[in-house]
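S.K.: Sending over a structure as structure tokens; questions will come in a sec.
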Amino acid sequence: MSLITFLTRVHFADGVLEDALPEALLRVSSTRPLLLTDGDAVMPRILERVHDALPPQCTHADFPQLDDATASGRLAAASDLIKLGGCDSIVCIGGKTVMDFGRLLAARQDRASRPAIITVPTSVASVGLGPVHMPGLQVELSQWRQPALPAAILCDPTMTLGTPKETLAAHGFKALVNCVEAFLATAYNPPADGIALEGMRRSALYLERAVQGDNDLDAHRELLAVALNAGLAAQKGFGGAEALARATQDEGLGAGSHGWFYPAVVPPVLAFNAPAVGGRYELISKAMALPGTIAVADGLSAMGRRLGLPERLASLELNDDQVESVARRAAADPANLTNPRHATHKDYRDLLRQAM
């Protein structure tokens with residue numbers, strides 16, 4: 019079992035769940051975990067493994083079927099379950115929505131009795147690090163205490179097997195672009211820069227292989243490592259592509275992960291940011307081993323196309339009011355604060371139209 023102690027405790031290995039979950043619960047003195055899960059098609063198989071891995075002295079409560087559309091409205095019910103059930107830890111099993119929900123849920127509890135968080139990522143989109151984002155709760159987010167980091171992250175690549183190829187493509191592309199934007203973000207953090215570049219290198223080698231393969235465990239392992247890199251590098255912040263993709267999803271447009279929107283929004287955002295990034299695009303190109311004649315935006319667009327992700331947002335058929343609303347959401351998104359070049363809602367309106 020590989021233990022990484024950087025920001026928090028990360029257990030990373032194939033089949034690590036069965037060894038690491040009891041250790042993590044013991045370390046935070048938890049005997050009554052609350053298990054949060056999403057509606058992933060493979061969740062029943064995963065949850066069976068989690069139940070089998072719980073120590074004999076543990077009893078647990080389940081809070082299942084979290085999704086992007088309804089998660090924000092279920093925080094009060096989950097808080098009640100924590101109090102009524104005496105839950106002393108939160109185990110987040112699933113993708114980014116579950117991770118963000120668990121971190122917000124813990125932040126809402128009294129500090130003296132705040133449960134520890136353990137994350138078990140089942141997708142390559144998020145491991146439970148980085149900014150928390152939940153549609154409908156951005157005002158409340160600014161008023162609450164900063165969501166805590168997980169006490170432990172259990173990165174078991176076998177948990178990501180069985181992910182539908184189109185979902186794997188969107189989630190993997192999201193992790194890649196998060197590494198790109200973290201590297202370009204305005205904060206000064208050389209260690210995060212190195213982590214982000216390494217995430218890009220791994221993505222270039224393994225993202226397409228994972229999507230094209232049949233549960234290629236080696237490729238899934240590398241993509242989960244990219245998600246970890248993206249989460250660690252996210253301490254710098256993200257940028258305009260994240261802001262615009264999230265705003266489009268928050269407007270209720272399209273379906274699935276906002277990773278679907280990245281191939282369309284990345285090229286105009288990178289072109290907009292070009293005057294403010296110095297020689298950083300060349301370093302990204304080198305990390306991804308792009309041919310010298312291929313611009314970073316073109317290389318990312320070509321990869322998205324090979325992955326089967328949409329190149330344009332034209333299918334959303336946005337009207338003028340929706341374009342304006344998405345642009346204002348993007349300008350207000352925290353990711354915009356660390357974009358390399360200041361972007362107003364008018365800039366985002368233009369960028370969105372270029373992506374359509």
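So the sequence shown is residues 19 to 374, counted in this note's numbering.
Idealized CB from N, CA, C, for every residue including glycine.
1. Taking the alpha-carbon of A143 as reference, which of G277, G326, T311 has the nearest alpha-carbon?
2. Have a look at H363 and D268 and give me their C-alpha separation to the nearest angstrom.
3. Beta strand (DSSP E) containing R27: first to last residue?
4. Out of curiosity, what's the CA-to-CA distance linking A134 and L52?
5. So, do the region 58 to 65 and the region 96 to 113 have three or more beta carbon pairs nearer to each other than 8 Å?
6. Leaving aside the five residues before and after M117 along the sequence, list all residues of the same chain whose C-beta is less than 7 Å from its C-beta, in chain order.
7. Anyone know if the C-beta pair for P139 and L35 falls short of 8 Å?
8. Quick one: Cα of P209 to Cα of L262, how far?
9. Taking 7 Å as the limit between beta carbons, can you name the residues of its chain near E216, skipping five residues before and five after?
10. Buried or exposed: which applies to E329, given that a residue is buried once 16 or more other Cβ atoms fall within 10 Å of its Cβ?
11. Any contact between the region 224 to 240 and the region 170 to 187? By contact I mean 3 or more CB pairs, one from each, below 8 Å.
12. For the beta strand (DSSP E) containing S141, list its first residue and its last residue.
13. When the Cβ atoms of the region 279 to 297 are set against those of the region 309 to 324, are three or more pairs found closer than 8 Å?
14. Is the Cβ-Cβ distance between L39 and F81 less than 8 Å?
15. Within this structure, are the beta carbons of A350 and G255 separated by less than 8 Å?
16. Using the C-alpha atoms, what's the distance from E260 back to E199?
17. What is the residue span of the alpha helix (DSSP H) that Q340 lies within?
18. Within a Cβ cutoff of 6 Å, which residues of the same chain sit near L308, ignoring the five residues on either side of it in sequence?
19. Label D365 either buried or exposed according to how many other C-beta atoms from any shown protein chain fall within 10 Å of its C-beta, with 16 as the threshold for buried.
20. Is E347 buried or exposed, if buried means 16 or more other CB atoms sit within 10 Å of its CB?
21. Report the three-state DSSP secondary structure of C110 (helix, strand or coil).
22. Just how far apart, CA to CA, sit Y224 and D128?
23. On a CA-only basis, which of F290, G270, A345, D234 is nearest T88? Give me that one, please.
24. Is DSSP giving P358 helix, strand or coil here?
25. Assign I312 to one of three DSSP states: helix, strand, or coil.
26. Can you tell me the Cβ-Cβ gap for A252 and N196, rounded? I've got them flagged as a contact below 8 Å.
27. In the DSSP output, which residue or residues are listed as bridge partners for L172?
28. Keeping to the same chain, check which residues put their C-beta closer than 6 Å to that of S48; ignore five residues upstream and five downstream.
29. Pop quiz: R371 and P293 are said to be a contact at Cβ under 8 Å. What is the actual Cβ separation, rounded to whole angstroms?
30. With distances taken between CB atoms, is the gap from T356 to A214 smaller than 8 Å?
31. Which residue from G212, E335, V344 puts its Cα closest to that of K304?
32. Mind listing, in chain order, the continuous alpha helix (DSSP H) runs of no fewer than 4 residues lying wholly within the region 206 to 243?
33. Hey, out of V344, A315, L25, L65, whose CA is closest to L167's CA?
34. Go ahead and pull the three-state DSSP assignment for L65.
35. Assign A130 to buried or exposed, taking buried as 16 or more other Cβ atoms, counted over all protein chains shown, within 10 Å of its Cβ.
36. Terminal residues of the continuous beta strand (DSSP E) containing D86?
M.R.: Taking the structure as given:
1. Scanning G277, G326, T311 for the CA closest to the CA of A143 turns up G277.
2. Distance between the alpha carbons of H363 and D268: 16 Å.
3. 26 to 30 is the span of the beta strand (DSSP E), which, as asked, contains R27.
4. Each residue's Cα considered, the two are about 10 Å apart.
5. By the Cβ rule, the region 58 to 65 counts as touching the region 96 to 113, because three or more pairs are nearer than 8 Å.
6. Closer than 7 Å at the Cβ level, and outside the excluded window around M117, lie C110, T137, S144, G146.
7. Between P139 and L35, the CB-CB gap reaches or exceeds 8 Å.
8. Going from the Cα of P209 to the Cα of L262 covers about 26 Å.
9. Cβ-Cβ distances below 7 Å link E216 to N247 in the same chain, with the five nearest sequence neighbours on each side left out; the list follows chain order.
10. Exposed: under 16 other Cβ atoms inside 10 Å.
11. A contact exists between the region 224 to 240 and the region 170 to 187.
12. Element bounds for S141: n/a, residue is neither H nor E.
13. Touching, per the Cβ criterion.
14. Contact flag unset, no.
15. Not closer than 8 Å, so no.
16. The straight-line gap from Cα to Cα measures roughly 8 Å.
17. It spans 338 to 350 - the alpha helix (DSSP H) in which Q340 sits, taken as one unbroken run.
18. Cβ neighbours of L308 beyond the five flanking positions: G317.
19. Classification of D365: buried, given that the 10 Å Cβ count is 16 or more.
20. According to the sequence as given, residue 347 is Arg; it is not Glu. If you draw a 10 Å sphere on the C-beta of R347, you find 16 or more other C-beta atoms in it, and that means buried.
21. Strand, per DSSP.
22. Put simply, the backbone Cα of Y224 is about 43 Å away from that of D128.
23. It is G270.
24. Taken through DSSP and simplified to helix, strand or coil, P358 comes out as coil.
25. It is coil, neither helix nor strand.
26. Separation of the CB atoms of A252 and N196 is rounded to 7 Å, and the pair is thereby assigned contact status at 8 Å.
27. Under DSSP, L172 shares a beta bridge with H29.
28. Result list for S48: D106, S107, in chain order.
29. About 20 Å separates the CB atoms of R371 and P293; that is not less than 8 Å, and the two are not in contact.
30. No, the Cβ-Cβ distance between T356 and A214 is not below 8 Å.
31. Minimum Cα distance to K304 is reached at G212.
32. If one requires a minimum length of 4 residues, the alpha helix (DSSP H) runs lying completely within the region 206 to 243 are 208 to 230, in chain order.
33. Nearest Cα to L167 within the set V344, A315, L25, L65: L25.
34. Per DSSP, reduced to three states, the secondary structure at L65 is helical.
35. A130 comes out exposed.
36. Here D86 belongs to no beta strand (DSSP E), and DSSP marks it neither H nor E.
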